[in-house]
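Trainee: The opening position of the sequence shown corresponds to residue 1 in the UniProt record's numbering, with each subsequent residue numbered one higher.
The C-beta atom is built at its ideal place from N, Cα and C for all residues, glycine as well.
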Amino acid sequence: MHRTSGRLKAEERTAWLFLSLFTLLFIIFKLYPLVYGVAISFLDRNSLKNVYSDKFVLFSNYLKVFSNKTTMQAFVRTFQFSAMYTVFTMTFSILAAILLNKEFRGRTATRTMFYMPYVTNLIAIGVVWNYILNPYKGPVNRLLLSLGIAEQNLPLWLSGNNSALPVAALIHTWVGLAFPVITLLAALQQVPRSLIEVADLEGAGPLQRLRFVILPSLKPAILFILTITIINSFKNYTVIMALTEGGPGTATQVASMQIYADAFKYFKLGIASAEGTLLALIIFIISSLIQRKTYEY
Numbered sequence: 001m002h003r004t005s006g007r008l009k010a011e012e013r014t015a016w017l018f019l020s021l022f023t024l025l026f027i028i029f030k031l032y033p034l035v036y037g038v039a040i041s042f043l044d045r046n047s048l049k050n051v052y053s054d055k056f057v058l059f060s061n062y063l064k065v066f067s068n069k070t071t072m073q074a075f076v077r078t079f080q081f082s083a084m085y086t087v088f089t090m091t092f093s094i095l096a097a098i099l100l101n102k103e104f105r106g107r108t109a110t111r112t113m114f115y116m117p118y119v120t121n122l123i124a125i126g127v128v129w130n131y132i133l134n135p136y137k138g139p140v141n142r143l144l145l146s147l148g149i150a151e152q153n154l155p156l157w158l159s160g161n162n163s164a165l166p167v168a169a170l171i172h173t174w175v176g177l178a179f180p181v182i183t184l185l186a187a188l189q190q191v192p193r194s195l196i197e198v199a200d201l202e203g204a205g206p207l208q209r210l211r212f213v214i215l216p217s218l219k220p221a222i223l224f225i226l227t228i229t230i231i232n233s234f235k236n237y238t239v240i241m242a243l244t245e246g247g248p249g250t251a252t253q254v255a256s257m258q259i260y261a262d263a264f265k266y267f268k269l270g271i272a273s274a275e276g277t278l279l280a281l282i283i284f285i286i287s288s289l290i291q292r293k294t295y296e297y
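1. According to DSSP, is Leu43 helix, strand or coil?
2. Under 8 Å between the Cβ atoms of Val175 and Ile125?
3. For Phe59, which three-state DSSP category applies?
4. Under 8 Å, with one C-beta from each stretch per pair, do the segment 236-247 and the segment 126-133 reach the 3-pair mark?
5. For Val198, which three-state DSSP category applies?
6. Pro220 lies in the alpha helix (DSSP H); which residues open and close that run?
7. For my contact list, Ser273 and Ile27 are in at a C-beta cut-off of 8 Å; report their separation, rounded to the angstrom.
8. Thinking C-beta only, is Ala169 closer than 8 Å to Phe81?
9. Which residues in the same chain have their Cβ closer than 7 Å to the Cβ of Leu43, if we skip the five residues on either side of it in sequence?
10. For Val181, is the classification buried or exposed, using 16 other Cβ atoms within 10 angstroms of its Cβ as the cut-off for buried?
11. Locate the alpha helix (DSSP H) running through Ala150, then write down its first and last residues.
12. Out of Gly205, Thr108, Arg142 and Ile94, which one is the CA nearest neighbour of Thr173?
13. Taking 8 Å as the threshold (C-beta atoms), are Val198 and Arg77 in contact?
14. Can at least three beta-carbon pairs, one atom from the segment 215-232 and one from the segment 88-108, be found at a separation below 8 Å?
15. Compute the Euclidean distance between the alpha carbons of Ala10 and Phe22, then round it to the nearest angstrom.
16. Are there three or more Cβ pairs, one per stretch, closer than 8 Å when the segment 108-122 is compared with the segment 204-212?
17. Express the C-alpha separation of Glu275 and Phe114 in angstroms, rounding to a whole number.
18. Counting only runs that start and end within the segment 108-141, where is the alpha helix (DSSP H) found for 4 or more residues in a row?
19. Which stretch, first to last residue, makes up the alpha helix (DSSP H) that contains Gln253?
20. Could you tell me how far apart the beta carbons of Ile196 and Val213 are, in whole angstroms, since I believe they sit closer than 8 Å?
21. Does Asp54 come out as helix, strand or coil in the three-state DSSP assignment?
22. Would you kindly work out how many angstroms separate the C-alpha atoms of Leu185 and Asn236, rounded to a whole number?
23. Expressed to the nearest angstrom, what Euclidean distance is found between the alpha-carbon atoms of Thr183 and Met90?
Structure (structure tokens):
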């Protein structure tokens, strides 16, 4: 009895030790930077001269964010990128999960291939895709030339003002497709086989089975993936930096890149903190709305 009690106390001390370590690291690397960043957004730290200023300016930095046309355009592009990335990811992940759930030769190898972009360095991905989609000497446009498409009609891909953002969103989708596909694939395997058999007996076609049986059964998983996807759509700095560095011009200059530029190029720390706080607040609101919907299921 004493040995059992002593072992339980030792396990309890070990548990508290690990919890304390986690809590300490969370405070140092997560909570403190978050609180400090929000605090800076209310201070006049917008030049090298005032980089350590403690002058309280209330909502002045936020008003400057809303009155700055360049910043507002960056936020608009962020929402555009987020919408495209979310639509691409949800569409392709559902289709891929349904296809990978079927029996076919090479299914294991195909599933494994979905992991490869997920674990590959984003800078390397940017270099490779910039070469593949080079409008003048890239293999894609060379192939299109060989198919008879006129040179002046070749797409500019990442070099075009109108095409750069959608192409970057599509590549970002390809990079992060593994997690939603695996999650939806696991959820698909939990769909009762009896429901599909009943639908077949009732004469339902593939699209009807998808609409009335499979998708309703996947709704909780889809809402969960939708939340993660929307959050990831705003974490786009690395992939855009690797692909376009915000170009051509400002065609892919999204909010994350604007925040970086304001903070580390122009030393407008107060304004950059206000931009970051607004972006975090937007993500929190959207995620909360989706989570409320998720809990209904």
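Mentor: In short, the structure shows the following:
1. The answer is strand: DSSP assigns Leu43 an E or B state.
2. yes
3. coil
4. yes
5. helix
6. Leu215 to Phe234 is the extent of the alpha helix (DSSP H) around Pro220.
7. No, Ser273 and Ile27 are not in contact; Cβ-Cβ is about 19 Å, not under 8 Å.
8. yes
9. Ser53, Asp54, Lys55, Phe56, Val57 and Gly270
10. buried
11. Element bounds for Ala150: n/a, residue is neither H nor E.
12. Nearest option by C-alpha distance: Ile94.
13. Val198 sits away from Arg77, with the two beta carbons spaced by 8 Å or more.
14. yes
15. Computed Cα separation, rounded: 18 Å.
16. Segment contact: the segment 108-122 against the segment 204-212, fewer than three CB-CB distances shorter than 8 Å; contact not assigned.
17. 34 Å
18. 115-118 and 122-132
19. Note, Gln253: premise wrong, no alpha helix (DSSP H); not H, not E.
20. 6 Å
21. coil
22. Whole-angstrom Cα-Cα distance: 25 Å.
23. 12 Å
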